[in-house]
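Asker:
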Amino acid sequence: VDVVGSTRIKAATDPLASEYTFGEYTKFVVASGKQFEGKLHSTAGDGIMLTFEHPRQAFKAARRIQGGMIEFNSFRNKTDHPFEVRCGIHTGAVMTSGQDVRSVEFSHVIDVTSHVQRIAPIGGIAITDDAAVFLPGGGKSVGDDTAEVHGEKVFLWSPTLATADLRAAIQQPPPLPPAAP
197 VDVVGSTRIK AATDPLASEY TFGEYTKFVV ASGKQFEGKL HSTAGDGIML
247 TFEHPRQAFK AARRIQGGMI EFNSFRNKTD HPFEVRCGIH TGAVMTSGQD
297 VRSVEFSHVI DVTSHVQRIA PIGGIAITDD AAVFLPGGGK SVGDDTAEVH
347 GEKVFLWSPT LATADLRAAI QQPPPLPPAA P
């Protein structure tokens, strides 16, 4: 997970407000991951790496993070700039020291995930085909937009696309409530 334009935000913000807000952002992302059994792997600046046992959990957490950004910006962001994030998801086996996945520092899985995150739409999620096959409905359940990163097919999820799909399914607005007497 990465904040879009974080360097610009930090440069234009009071250092105390910046430190507070990025700290709150980290707490928010980690808590969102924990809701789906995710664990904090590492942080680097505003980049946060979470690990999950299953790609489905990662996708749900990423959607929770994206969905929670309005609330985060309304109540926890003390900068004058709304945070927008990109999420990237990949899957694969890694070698750990003992059972602690945080001991993994150099891994092809981590490298690919980092590159995948960079192509995610602003406010969206990019998930490799290797991870998307584990979702109900596979990559098509993510969306029709795709890209390629280091030979990996990547599906792109965006809330705008999800809203457009919902509007198409509804086809007409709901009725207005009855007028008060």
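Quick note, the sequence shown lines up with residues 197 to 377 if you use the working numbering.
The beta carbon of each residue, even a glycine, is placed where N, CA and C say it ideally should be.
Computed from a predicted structure; not experimentally measured.
Rounded to the nearest angstrom, what separates Gly-335 and Val-345 at their Cα positions?
Answerer: Computed Cα separation, rounded: 15 Å.
Asker: Can you tell which of Pro-355, Asp-325 and Thr-356 has its C-alpha closest to the C-alpha of Thr-342?
Answerer: The option with the nearest alpha carbon to Thr-342 is Asp-325.
Asker: Helix, strand or coil for Arg-272 per DSSP?
Answerer: Looking at Arg-272 - three-state DSSP - the assignment turns out to be coil, as it is neither helix nor strand.
Asker: Mapping DSSP to helix, strand and coil, what is Ala-227?
Answerer: The answer is helix: DSSP assigns Ala-227 an H, G or I state.
Asker: Quick one, which of His-286, Glu-348 and Val-338 has its alpha-carbon nearest Ser-354's?
Answerer: Per the Cα distances, Val-338.
Asker: Is Ser-299 helix, strand or coil when you go by DSSP?
Answerer: Note that Ser-299 has pLDDT 49, beneath the 50 cutoff, so the model's placement of it is unreliable and the number below is only indicative. Helix at Ser-299.
Asker: For Glu-348, verify whether its CB is less than 7 Å away from any heavy atom of the ligand GTP.
Answerer: The ligand GTP is absent from the structure shown, which contains no ligand whatsoever.
Asker: First and last residue of the beta strand (DSSP E) that includes His-237?
Answerer: Element bounds for His-237: 235 to 240.
Asker: Please report the straight-line C-alpha distance between Cys-283 and Leu-372, rounded to a whole angstrom.
Answerer: The alpha-carbon atoms of Cys-283 and Leu-372 are separated by roughly 37 Å.
Asker: Using beta-carbon positions only, say whether Asp-276 and Thr-209 come within less than 8 Å of one another.
Answerer: Result yes, Cβ atoms of Asp-276 and Thr-209 sit closer than 8 Å.
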